[in-house]
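**Q** Once you've had a glance at the structure underneath, I'll fire off some questions.
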Amino acid sequence: MINETVVINTIKENPHINTNTLLRKLNISPRHSKILTNMLINLSSRDLIAFDKRDSSYVALRKINTIQGPIHFASEGKCAFVDVEELSKNGTKSSYFVSSNNFNTALNNDIVEADVFEPISPDNNRTFAKVKKIIERRCKTLIGVLDNVNGFVTFKPIEPIYKNTSFRIKNIASEARVLDVVVAEIINYENRNKEINIIKRITDVNDPMAYVKSLEEARNVPREFPAEVNEYIQKFIPENIKNEDLSMRTDLRNDLVVTIDGSSTKDFDDAISVVKIDENTYELGVHIADVAYYVKENTPLDDEALKRGTSIYLLNEVVPMLPFKLSNGICSLNPNEERLTISCITKINKLGQSIETKIVPSVIKSKYRLTYERVNEFINESKDFEDKELNKMLKNAYELSQIIREFKNKQGYIDFEIQEPHIELDSDGRVLDISVEKTGESEKMIEDFMVRANEEVAKFITNSKLPMMYRIHEVPSEEKIEYFLEVLKSLKINVSLNRKHITPLTFQKIINQINSQRNDEFLKMLFLRTMQKAVYSPDNIGHFGLASECYCHFTSPIRRYPDVIVHRVLWDFVFKKQLNKVDEFAANLQKIAAMNSASEENAVQLERDVNDLKFAEYFKSKINSEFEGQVFGITKFGMFIQFDNKTDAMVHISNIGDGDFEANEQMTKLYSKNDPKKAYKLGQTVRVVITNADETTGKIDCVLAQDYKTYLRNKVSKNFNQQKGFNKR
Numbered sequence: 011m012i013n014e015t016v017v018i019n020t021i022k023e024n025p026h027i028n029t030n031t032l033l034r035k036l037n038i039s040p041r042h043s044k045i046l047t048n049m050l051i052n053l054s055s056r057d058l059i060a061f062d063k064r065d066s067s068y069v070a071l072r073k074i075n076t077i078q079g080p081i082h083f084a085s086e087g088k089c090a091f092v093d094v095e096e097l098s099k100n101g102t103k104s105s106y107f108v109s110s111n112n113f114n115t116a117l118n119n120d121i122v123e124a125d126v127f128e129p130i131s132p133d134n135n136r137t138f139a140k141v142k143k144i145i146e147r148r149c150k151t152l153i154g155v156l157d158n159v160n161g162f163v164t165f166k167p168i169e170p171i172y173k174n175t176s177f178r179i180k181n182i183a184s185e186a187r188v189l190d191v192v193v194a195e196i197i198n199y200e201n202r203n204k205e206i207n208i209i210k211r212i213t214d215v216n217d218p219m220a221y222v223k224s225l226e227e228a229r230n231v232p233r234e235f236p237a238e239v240n241e242y243i244q245k246f247i248p249e250n251i252k253n254e255d256l257s258m259r260t261d262l263r264n265d266l267v268v269t270i271d272g273s274s275t276k277d278f279d280d281a282i283s284v285v286k287i288d289e290n291t292y293e294l295g296v297h298i299a300d301v302a303y304y305v306k307e308n309t310p311l312d313d314e315a316l317k318r319g320t321s322i323y324l325l326n327e328v329v330p331m332l333p334f335k336l337s338n339g340i341c342s343l344n345p346n347e348e349r350l351t352i353s354c355i356t357k358i359n360k361l362g363q364s365i366e367t368k369i370v371p372s373v374i375k376s377k378y379r380l381t382y383e384r385v386n387e388f389i390n391e392s393k394d395f396e397d398k399e400l401n402k403m404l405k406n407a408y409e410l411s412q413i414i415r416e417f418k419n420k421q422g423y424i425d426f427e428i429q430e431p432h433i434e435l436d437s438d439g440r441v442l443d444i445s446v447e448k449t450g451e452s453e454k455m456i457e458d459f460m461v462r463a464n465e466e467v468a469k470f471i472t473n474s475k476l477p478m479m480y481r482i483h484e485v486p487s488e489e490k491i492e493y494f495l496e497v498l499k500s501l502k503i504n505v506s507l508n509r510k511h512i513t514p515l516t517f518q519k520i521i522n523q524i525n526s527q528r529n530d531e532f533l534k535m536l537f538l539r540t541m542q543k544a545v546y547s548p549d550n551i552g553h554f555g556l557a558s559e560c561y562c563h564f565t566s567p568i569r570r571y572p573d574v575i576v577h578r579v580l581w582d583f584v585f586k587k588q589l590n591k592v593d594e595f596a597a598n599l600q601k602i603a604a605m606n607s608a609s610e611e612n613a614v615q616l617e618r619d620v621n622d623l624k625f626a627e628y629f630k631s632k633i634n635s636e637f638e639g640q641v642f643g644i645t646k647f648g649m650f651i652q653f654d655n656k657t658d659a660m661v662h663i664s665n666i667g668d669g670d671f672e673a674n675e676q677m678t679k680l681y682s683k684n685d686p687k688k689a690y691k692l693g694q695t696v697r698v699v700i701t702n703a704d705e706t707t708g709k710i711d712c713v714l715a716q717d718y719k720t721y722l723r724n725k726v727s728k729n730f731n732q733q734k735g736f737n738k739r
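In this text, residue positions in the sequence shown follow this note's numbering: the first is 11, and each later residue adds one.
Quick look at the structure:
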């Protein structure tokens with residue numbers, strides 16, 4: 011009889027022991043090896059030991075914890091990680107490895123309970139987790155493509171993390187056909203082949219926007235407004251303003267007020283007016299659509315606006331926060347139409363200081379719908395408009411913007427002027443070209459005015475001691491500053507910085523020091539990465555990047571819910587003086603701020619992910635083409651190369667040189683372990699060849715030009731070996 015306690019103790023004393031050695035150690039006859047094998051299988055199923063495939067050996071296990079959290083698939087579903095809220099030693103969230111045979115029917119993003127184990131071995135302290143049970147099924151639907159394999163309709167998920175998960179179709183929606191992109195509902199998780207119903211057709215796989223549409227579906231992008239919202243706006247939202255709407259309002263309908271926006275803009279929520287009172291004083295009027303007048307608290311319209319939080323800008327279309335009747339209708343400051351606004355009217359001296367501000371409900375009638383392009387021609391090329399008064403106003407506006415900018419620069423305002431890629435599509439949604447979007451003087455002018463209005467409104471409400479939704483931006487963390495300085499050092503750029511006294515001005519001086527030695531987009535991006543994320547909060551800590559002690563979002567209520575909240579503060583507590591509502595209003599601000607910060611983050615991520623899909627489409631036709639780029643990111647698994655059009659691709663570390671490269675601890679370079687002088691550093695210019703572009707994930711791969719022939723040889727060899735292995739089966 012074989013004693014399992016003796017077996018476990020022997021494995022503990024001899025980590026990574028194989029079956030034959032274990033037989034000898036226990037003096038077990040080979041004819042009884044099957045009994046031992048069955049016992050090892052039993053011990054493994056009870057998590058007392060584990061089999062290591064790498065050397066076909068066994069190690070004893072010690073259970074050290076039980077955790078709960080979301081499981082995230084990786085590496086085509088061959089493994090996953092369970093993330094928990096507790097912090098690891100380096101201050102990041104703890105994450106536990108799970109192999110695919112330990113998923114226990116869990117799918118990506120499910121909330122699971124898992125046991126954490128560590129091997130009892132002096133040379134292996136890597137912990138791993140096994141899913142014990144599913145607490146919450148979050149993965150309920152998947153997006154994929156229907157295919158025909160040997161006469162059977164199959165479902166292939168678009169996300170590569172499900173490459174190793176099998177599905178069996180039970181029912182198919184009547185409109186769905188082979189080669190359609192569809193939504194599948196999981197109806198049975200327990201079987202090896204997950205049972206699914208095809209419940210919705212999205213589009214045909216040959217649609218140029220197929221993968222964009224599938225991503226929108228996966229992220230639950232709200233294309234339609236709920237019926238109760240549509241009913242509400244039909245009943246309560248007018249087509250035009252009425253006489254009773256003008257009560258309490260300052261009448262600015264005869265003033266020269268204009269909008270300046272992009273040529274494709276359809277909704278106009280901000281307008282400006284500028285008057286030069288005398289040689290020392292200007293009056294800036296920033297007139298913002300009075301959205302809160304129509305979007306009343308605790309209505310279906312308000313609930314939906316809060317839920318959405320923001321408009322989402324995807325390629326050449328907008329997913330609006332507010333229905334069309336408001337966003338492009340009664341709230342849009344269209345030319346020659348009377349519109350209700352809240353005006354922030356500020357007198358500014360020639361030093362750029364605000365000397366007097368009044369914030370009032372108003373009514374305007376925009377005289378012109380101007381475009382950035384046309385105003386840039388006015389500023390840069392002296393191309394006047396026919397209206398002399400308009401020319402005079404724009405001249406004064408540009409003068410004032412220069413004064414405001416100089417004032418902000420002295421405060422430490424950091425103007426990154428980061429270049430963004432612009433994707434040009436044809437009418438079907440195919441990518442025609444990707445170019446760099448340039449910012450002109452008129453865009454900067456409007457930004458100067460909007461920032462000043464946001465500051466003035468924030469100061470006014472703060473001084474009135476009212477609850478407020480601030481836009482805050484923290485001082486960069488010490489870790490990020492250290493990394494930034496480390497990269498500069500590796501690039502031989504010398505800067506001086508007092509780490510204990512970080513202010514916008516000190517950071518601005520660093521930018522100037524850097525620019526005097528080297529000026530390129532990479533360093534601007536690197537500097538931007540040292541910054542914290544700006545978020546919404548009821549607590550004011552200032553806005554570091556804008557060098558503002560007090561800041562809010564007031565100027566875009568058609569597309570941002572926090573601006574609606576700021577307008578509501580003005581209406582309820584300043585204009586109407588309903589101070590009995592202050593406490594109740596303040597109690598909800600923290601929750602609303604968190605919701606809006608999350609909505610913004612999700613929208614920005616979706617916009618980036620959609621762009622990535624189209625970047626991959628663009629590079630699909632450029633496979634095997636050579637490009638010059640700049641190393642702008644280093645990771646343990648490779649380096650990211652950015653091209654002139656501000657797109658990027660990744661060189662995997664296994665494809666660099668002889669495959670002997672690794673990243674340094676600071677993640678500032680990849681170097682050869684055999685010859686450390688061979689290295690690739692952040693900011694370095696390299697030539698690469700595009701090798702793959704995946705339109706379903708947005709991932710673009712490349713190799714260094716000098717490694718391309720080796721890459722091709724290895725690829726041919728790998729394919730040959732795979733074919734040889736297939737033929738042997």
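Think of the CB as a built atom: it goes at the ideal place given N, C-alpha and C, for glycine as much as any other residue.
In terms of residue numbering, what span does the alpha helix (DSSP H) encompassing Tyr199 cover?
**A** Tyr199 -> no alpha helix (DSSP H), and no H or E assigned at all.
**Q** Once DSSP output is grouped into helix, strand and coil, what is the label at Pro232?
**A** Here Pro232 sits in coil by DSSP.
**Q** In three-state terms, what does DSSP make of His82?
**A** Correct three-state label for His82: strand.
**Q** How would you write the range of the alpha helix (DSSP H) that Asp313 sits in, first residue to last?
**A** Unbroken alpha helix (DSSP H) run through Asp313: Pro310 to Arg318.
**Q** Helix or strand or just coil, what does DSSP make of Leu633?
**A** Checking the displayed sequence, the identity of residue 633 turns out to be Ile instead of Leu. In this structure, Ile633 counts as coil in the three-state DSSP scheme.
**Q** Assuming contact is defined by CB atoms lying nearer than 8 Å, are Leu152 and Thr269 in contact in what I supplied?
**A** The answer is no: Cβ separation not under 8 Å.
**Q** Helix, strand or coil, according to DSSP, for Val699 in the structure here?
**A** The answer is strand: DSSP assigns Val699 an E or B state.
**Q** Go through the segment 15–54 residue by residue and report every complete run of the alpha helix (DSSP H) that reaches 4 residues or more, in order.
**A** List check, alpha helix (DSSP H) in window: 29–35.
**Q** Do the CB positions of Ala407 and Phe564 come within less than 8 Å of each other?
**A** Contact flag unset, no.
**Q** For Pro170, I'd like the list of residues in its chain whose CB is within less than 7 Å of its CB, leaving aside the five on either flank, ordered along the chain.
**A** For Pro170, where only same-chain residues beyond five positions count, the Cβ hits under 7 Å are Glu86 and Thr707.
**Q** Compare the beta carbon distance of Glu429 and Val441 with 8 Å and say whether it is the shorter of the two.
**A** Here the sequence assigns Gln to residue 429, which means Glu is not the residue at that position. For Gln429 and Val441, no; Cβs fall outside 8 Å.
**Q** Nearest to Ile352 by CA position, among Arg697, Arg41, Ser506 and Asp280, is which residue?
**A** Of the candidates Arg697, Arg41, Ser506 and Asp280, the one whose C-alpha sits nearest the C-alpha of Ile352 is Asp280.
**Q** Assuming Gln421 contacts Glu484 (C-beta within less than 8 Å), just tell me the rounded distance between them.
**A** About 17 Å; that fails the 8 Å criterion.
**Q** Would you list the residues sitting across from Glu123 in a DSSP beta bridge?
**A** For Glu123, which the question treats as bridged, DSSP gives the partners Gln78 and Lys143.
**Q** Glu3 by DSSP, collapsed to three states: which one?
**A** The chain is shown only over 11 to 739; residue 3 falls outside these bounds and no answer can be derived.
**Q** Where in the segment 161–188 do unbroken runs of the beta strand (DSSP E), each at least 3 residues long, occur, reported from the N-terminal end onward?
**A** Counting only runs of 3 or more, we get 162–167 and 176–182.
**Q** Count the other CB atoms within 10 Å of the CB of Arg481; is the residue buried (16 or more) or exposed (fewer)?
**A** It is buried - the Cβ of Arg481 has at least 16 other Cβ atoms within 10 Å.
**Q** Please state the DSSP three-state secondary structure of Leu350.
**A** Residue state, collapsed to three classes: strand.
**Q** Quick one, which of Ala186, Val301, Tyr242 and Asp277 has its alpha-carbon nearest Asp573's?
**A** Considering only alpha carbons, the answer is Val301.
**Q** How would you call Thr47, buried or exposed, if buried means at least 16 neighbouring beta carbons within 10 angstroms?
**A** Counting Cβ neighbours within 10 Å, Thr47 comes out exposed, since fewer than 16 surround it.
**Q** For the segment 472–481 and the segment 512–523, state whether three or more C-beta atom pairs, one from each stretch, are separated by less than 8 Å.
**A** In short, these stretches do not touch, since the Cβ pair count stays below three.
**Q** Measuring straight from C-alpha to C-alpha, what distance separates Glu488 and Leu507?
**A** Going by the C-alpha atoms only, they are around 12 Å apart.
**Q** Would you identify the three-state DSSP class for Ile209, choosing helix, strand or coil?
**A** Three-state result, Ile209: strand.
**Q** Using a Cβ-Cβ cut-off of 6 Å (strictly less than) and excluding sequence neighbours within five positions of Arg723, which residues of its own chain qualify?
**A** Same-chain partners within the cutoff: there are none.
**Q** For Gly643, which three-state DSSP category applies?
**A** If DSSP states are grouped into helix, strand and coil, Gly643 belongs with the strands.
**Q** Restricting to Cα atoms, I'd like to know which of Phe532, Lys166, Cys89 and Arg147 is closest to Gln694.
**A** Taking only the C-alpha atoms, the option nearest Gln694 is Phe532.
**Q** Indicate the three-state DSSP secondary structure (helix, strand or coil) for Arg723 in the structure shown.
**A** Helix.
**Q** Using CA atoms only, rank isn't needed, just tell me which of Lys490, Gln527 and Lys510 is closest to Ile503.
**A** Checking every option, the nearest Cα to that of Ile503 belongs to Gln527.
**Q** Near Asp255, what residues of its chain come up, given a Cβ to Cβ distance below 7 Å and the 5 sequence neighbours on each side ignored?
**A** Within the same chain, Asp255 has close Cβ partners Leu350.
**Q** Taking the alpha carbon of Asn37 as the reference point, which residue from Asp271, Glu496 and Asn13 has its own alpha carbon closest?
**A** Ranking the options by Cα distance to Asn37, first place goes to Asn13.
**Q** Please report the straight-line C-alpha distance between Val699 and Tyr690, rounded to a whole angstrom.
**A** About 16 Å.
**Q** On the premise that Val329 lies in contact with Pro232, defined as a C-beta separation below 8 Å, what is that separation, rounded to the nearest angstrom?
**A** The Cβ separation is near 7 Å, so the contact holds.
**Q** Please classify Asn13: does DSSP put it in a helix, a strand, or coil?
**A** Of the three classes helix, strand and coil, the one that applies to Asn13 here is coil, per DSSP.
**Q** From the DSSP output, in three-state form, read off Ala437 for me.
**A** It should be pointed out that residue 437 corresponds to Ser in this sequence rather than to Ala. Three-state result, Ser437: coil.
**Q** Just to check my reading of the structure: Asn253 and Lys360 have Cβ atoms closer than 8 Å, yes? What is that Cβ distance to the nearest angstrom?
**A** With 8 Å as the limit, Asn253 and Lys360 do not qualify as a contact, their Cβ atoms being about 41 Å apart.
**Q** Just verifying my parser: in three-state terms, what is the DSSP assignment at Val661?
**A** Of the three classes helix, strand and coil, the one that applies to Val661 here is strand, per DSSP.
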